[in-house]
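Visitor: Here it is, the structure in full.
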């Protein structure tokens with residue numbers, strides 16, 4: 001019986017991929033809040049008790065780089081930025097919910 005090394009290392013496992021993407025301060029909490037709809041930065045900082053602006057900004061940037069969140073600049077007055085789940089992030093919802101249930 002042979003086993004694919006990618007399977008042993010978890011490279012083909014959606015849960016393993018998501019855990020790697022969400023590892024880090026505030027990232028799982030931000031992803032969970034994004035399930036409810038668009039997030040605005042200051043509102044997010046207030047919701048994440050004990051967080052600070054710099055840590056939240058870093059986590060948002062990393063989630064955006066991982067392709068889980070999209071950053072949208074809203075041109076209406078007052079100008080603001082919203083973060084929403086990307087297509088990839090939406091595909092990971094069921095995996096996240098299964099992990100959350102463990």
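Numbering (full-length UniProt numbering), first residue to last: 1 to 102.
Heads up, the beta-carbon is just placed ideally off N, CA and C, and yes, glycines get one too.
Return helix, strand or coil for residue 36, following the three-state DSSP convention.
Guide: Within the chain shown, residue 36 is the residue found at index 36, counting from 1. It is coil, neither helix nor strand.
Visitor: Using a Cβ-Cβ cutoff of less than 8 Å, which residues in the same chain neighbour residue 100 once the five nearest sequence positions on both sides are dropped?
Guide: Here the question's residue 100 lines up with position 100 in the chain shown. Closer than 8 Å at the Cβ level, and outside the excluded window around residue 100, lie 32.
Visitor: Can you find the residues in the same chain that come closer than 7 Å, C-beta to C-beta, to residue 67, ignoring five residues on each side of it along the sequence?
Guide: For this step, residue 67 is matched to residue 67 along the chain shown. The answer, listed in chain order, is 86 and 88.
Visitor: By how many angstroms is the C-alpha of residue 35 removed from the C-alpha of residue 51?
Guide: Here residue 51 refers to the residue found at position 51 when the chain shown is read from its first residue. Here residue 35 refers to the residue found at position 35 when the chain shown is read from its first residue. Going by the C-alpha atoms only, they are around 19 Å apart.
Visitor: Secondary structure at residue 44, three-state DSSP: helix, strand or coil?
Guide: Counted from its first residue, the chain shown places residue 44 at position 44. In the structure shown, residue 44 sits in a helix (DSSP, three-state: H, G or I).
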